[in-house]
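In order, the protein sequences belong to chains C and H. By the count of this note's numbering, the first sequence reaches residue 100 at its end, each step adding exactly one. By the count of this note's numbering, the second sequence reaches residue 497 at its end, each step adding exactly one. No residue lacks a Cβ here, since even glycine has one placed at the ideal position from N, Cα and C. Just so you know, these numbers come straight off a predicted model, no measurement behind them.
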Amino acid sequence: MILKPGGRYRSQVDPTEVVVVRPAKDDVDLTCGGVPMVGMAEPVTDGPALLPEHAEATTMGKRYTDGQVELLVTKAGAGALAVDGSRLVVKDAQPLPSSD
Amino acid sequence: MPISLITDMAAETLGDRVALGRSRDGLTHTALRRAALGGAGLVAASGHRSVAFVGVNGPVVAALLFASAYAGVPFTPLNYRLSAEALRVQLDRLDDPLVVTDAAFRGVVGDRRARPSEDWIADALAAPEHEPTAWDDDATAVVLFTSGTTSEPKRVLLRHANLLSYVLQTVEFASADPQDAILVSVPPYHIAGMGTILSNVYSGRRMVHLPAFAPGAWLDLVRAERITNAMLVPTMLSRLVDELGGAEAGTSSLRQLAYGGARMPRPVLEGALRAFPGVGFTNAYGLTETSSTIAVLGPDDHREALAATDPAAAARLASVGRPVPGVEIEVRGDGGRVLPAGEVGEVWVRGPQVSGEYVGLGSVLDEQGWFPTRDQGHLDAEGFLFVGGRSDDTIIRGGENIAPAEIEDQLVLHASVKDVAVVGLPDDEWGERLVAVVVPAAPIEDVDELTRWVKARVRGSRTPDEIRFADELPYNPTGKLLRRELRARLIAAGGES
Chain C
1 MILKPGGRYR SQVDPTEVVV VRPAKDDVDL TCGGVPMVGM AEPVTDGPAL LPEHAEATTM
61 GKRYTDGQVE LLVTKAGAGA LAVDGSRLVV KDAQPLPSSD
Chain H
1 MPISLITDMA AETLGDRVAL GRSRDGLTHT ALRRAALGGA GLVAASGHRS VAFVGVNGPV
61 VAALLFASAY AGVPFTPLNY RLSAEALRVQ LDRLDDPLVV TDAAFRGVVG DRRARPSEDW
121 IADALAAPEH EPTAWDDDAT AVVLFTSGTT SEPKRVLLRH ANLLSYVLQT VEFASADPQD
181 AILVSVPPYH IAGMGTILSN VYSGRRMVHL PAFAPGAWLD LVRAERITNA MLVPTMLSRL
241 VDELGGAEAG TSSLRQLAYG GARMPRPVLE GALRAFPGVG FTNAYGLTET SSTIAVLGPD
301 DHREALAATD PAAAARLASV GRPVPGVEIE VRGDGGRVLP AGEVGEVWVR GPQVSGEYVG
361 LGSVLDEQGW FPTRDQGHLD AEGFLFVGGR SDDTIIRGGE NIAPAEIEDQ LVLHASVKDV
421 AVVGLPDDEW GERLVAVVVP AAPIEDVDEL TRWVKARVRG SRTPDEIRFA DELPYNPTGK
481 LLRRELRARL IAAGGES
């Protein structure tokens with residue numbers, strides 16, 4: 001799938017929802033719990049379950065990245081996020097002072 | 001992705017926390033989201049294509065901003081200080097707006113029907129929740145009129161993607177402590193008035209409003225509501241420092257103070273640092289067209305600059321800091337050449353939060369997405385940005401381009417000068433002559449002493465040709481010096497000082 005900034009995707013195996021903060025340049029496979037995520041308007045396929053080796057809970061409001069793609073978790077879930085098979089990790093954002 | 005995502009997320013995670021108002025009876029995040037969804041229903045049912053607000057800042061502004069987002073229409077807070085005629089002109093320039101006004105401004109909207117702002121939240125909470133329809137990625141979230149200090153007001157168009165990018169890049173979700181509270185004293189029609197809603201709802205920091213700024217009332221409210229954060233424009237900070245008269249503010253809860261919106265005179269900053277010991281200061285630089293802040297000088301930067309012995313490091317107390325994540329800044333000279341550190345030119349900025357777009361005029365971004373700020377400035381060797389003033393303020397005296405800021409920055413350091421503005425007035429010989437208008441801090445007997453003070457510090461051709469005195473300078477409520485007005489006043493007064 002081509003990720004667009006602001007695009008929203010949901011997991012097929014748990015409640016996870018994400019928003020794309022920084023997209024990938026190319027066509028990528030975005031998965032949650034080892035199963036492809038789908039666009040918010042797309043139907044969820046019956047059947048697939050979270051793969052145990054892809055279980056890693058996410059936190060609401062945290063950004064996850066592989067160094068290029070960046071996703072904001074807007075609903076947390078139990079499955080790990082991955083792009084093209086490589087797992088995304090929590091982005092350690094340098095806290096900015098509040099300016100407004 | 002609409003900015004209503006912000007209130008969706010806050011309601012889900014921080015539902016019972018107070019978002020707006022006093023800690024004991026304010027509006028929670030759950031209630032704010034409910035009011036926004038109900039308000040969106042009212043907007044949709046009205047058939048109007050946008051929402052306009054004429055009134056002072058308060059919780060209703062956040063409710064209207066998010067209601068407009070859910071309804072998929074742009075929101076415009078208008079400058080309630082404008083004349084009735086100017087307000088009608090601006091309302092006419094909006095796209096069929098649903099008008100919401102404070103009682104005090106109901107008369108100025110002319111024949112239009114207006115909904116009372118006092119009832120909006122209650123009405124919205126009672127209205128059925130709006131079912132958001134299909135989402136348009138390029139939809140406009142906010143249209144703001146520029147202040148019009150240098151030209152006729154333009155309508156800046158901010159898309160959901162611009163504003164959301166700003167918040168996601170610069171604010172950590174739910175990062176505020178439960179007891180955190182910010183005192184908002186900027187007006188709603190200023191970009192900071194929009195930024196403060198988005199940033200503070202997303203971080204979960206309670207917002208308290210002081211619609212009419214006065215130093216005593218501000219200090220009282222900080223103490224009464226245990227305020228931890230505040231944002232002020234330089235003229236407000238200057239009045240606070242004057243009010244305190246050298247004493248410490250005695251605001252024990254206050255931890256962070258952000259300032260911005262106009263250039264900060266050095267003596268005011270020094271006075272503020274003394275009045276608020278232990279408070280972290282942040283200088284924020286941004287424009288309406290850039291969705292608020294694009295560079296910050298944070299508390300650590302302030303401390304390092306104050307403690308520095310190296311002149312370049314100490315000078316950073318006057319800088320606006322470094323770009324926020326996602327934002328690139330460069331300084332360009334004549335012909336668009338990118339200038340190296342240290343050279344003064346026009347500040348250009350690029351990033352997803354930058355709109356650079358005006359209703360009816362289109363985008364002014366260049367082909368690579370860069371926005372010309374019309375601000376003069378330079379970067380130092382470590383990437384700190386210094387902003388010297390508007391390009392439009394440049395005075396051309398005998399063919400030399402002179403930034404008034406350079407002269408003002410020196411004059412304001414003189415003990416007898418409380419405030420100062422330098423403008424160019426028509427001159428047969430020089431094209432423009434430099435006139436410094438000084439608000440004295442103490443009686444000034446030897447005017448030449450001020451001239452010598454400047455001459456010792458800047459190039460000779462930049463010494464004021466004339467110094468006049470005034471009781472005060474004209475500022476707008478967001479702290480911007482009204483140079484056009486000052487210049488017109490001086491021209492009307494003729495050659496006499």
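- Annotation: residue 10/C has no Cβ neighbours in chain H at a cutoff of 9 Å; minimum Cβ distance is about 13 Å.
- With respect to residue 254/H, residue 222/H sits close: the two C-beta atoms are nearer than 8 Å.
- Residue 271/H places its beta carbon 8 Å or farther from that of residue 165/H.
- Nearest CB-CB separation between residue 74/C and chain H: below the 8 Å threshold.
- Assignment of residue 350/H by DSSP, reduced to helix, strand and coil, places it in the strand class.
- At least one CB of chain H lies nearer than 8 Å to the CB of residue 100/C.
- For residue 83/H, the secondary structure class from DSSP, reduced to helix, strand or coil, is coil.
- In terms of Cα proximity to residue 461/H, the closest of 332/H, 343/H and 398/H is 398/H.
- By a beta-carbon distance limit of 8 Å, residue 19/H contacts residue 201/H. Their separation comes to about 6 Å.
- Interface annotation, residue 256/H: in contact with chain C, CB-CB separation under 8 Å.
- Between residue 159/H and residue 141/H, the beta carbon gap of about 6 Å places them in contact (Cβ cut-off 8 Å).
- Taking the Cα positions, residue 132/H is about 39 Å away from residue 218/H.
- Contact of residue 24/C with chain H by beta-carbon distance below 7 Å is absent, the smallest such distance being about 15 Å.
- For the pair residue 330/H and residue 348/H, the CB atoms are nearer than the 8 Å cut-off.
- The region 284–350 of chain H is shown to contain whole beta strand (DSSP E) runs of 3 or more residues at 292–297, 328–332 and 345–350, in chain order.
- DSSP lists no beta-bridge partner residue for residue 487/H.
- Rounded to whole angstroms, the Cβ separation of residue 181/H and residue 251/H is 12 Å, and the two are not in contact under 8 Å.
- In this structure the region 1–15 of chain H does not touch the region 299–312 of chain H; the number of beta carbon pairs closer than 8 Å is below three.
- Given a length threshold of 3 residues, each whole run of the beta strand (DSSP E) inside the region 228–293 of chain H is given here in chain order: 229–232, 256–260 and 280–287.
- By the C-beta density criterion, residue 469/H is exposed, having fewer than 16 other C-beta atoms within 10 angstroms.
- One finds 96 and 99 in chain C with Cβ atoms closer than 9 Å to the Cβ of residue 324/H, taken in chain order.
- Note: residue 401/H is bridge-paired with 396/H in the DSSP secondary-structure output.
- Burial of residue 480/H is indicated by the presence of at least 16 other C-beta atoms within 10 angstroms of its C-beta.
- Each of 453/H, 32/H, 276/H and 477/H was checked against the Cα of residue 82/H, and the nearest Cα belongs to 477/H.
- With respect to chain H, the C-beta atom of residue 61/C has a partner C-beta closer than 8 Å.
- The beta carbon of residue 478/H does not come within 8 Å of any beta carbon belonging to chain C, so the residue lies off that interface.
- Counting only residues of its own chain and dropping the five nearest sequence neighbours on each side, residue 54/H has a CB closer than 6 Å to the CB of 78, 80, 101 and 105.
- The beta carbons of residue 35/H and residue 183/H sit no closer together than 8 Å.
- Taking a C-beta distance under 8 Å as the contact criterion, residue 235/H and residue 99/C do not qualify as a contact pair.
- Of all alpha-carbon atoms in 152/H, 168/H, 48/H and 136/H, the one lying nearest the alpha-carbon of residue 114/H is that of 48/H.
- Chain order gives no chain C residues near residue 225/H, where near means a beta carbon separation below 7 Å; the closest approach is about 17 Å.
- For residue 440/H, the closest C-alpha among the options 416/H, 197/H and 430/H is that of 416/H.
- Against chain H, a Cβ distance below 7 Å from residue 93/C picks out 172.
- Within the region 166–213 of chain H, complete beta strand (DSSP E) segments of at least 3 residues are found at 181–184 and 206–209, given in chain order.
- Beta-bridge pairing by DSSP links residue 475/H to 481/H.
- When 8 Å is used as the limit between beta carbons, residue 5/C is near these residues of chain H: 161, 165 and 352, in chain order.
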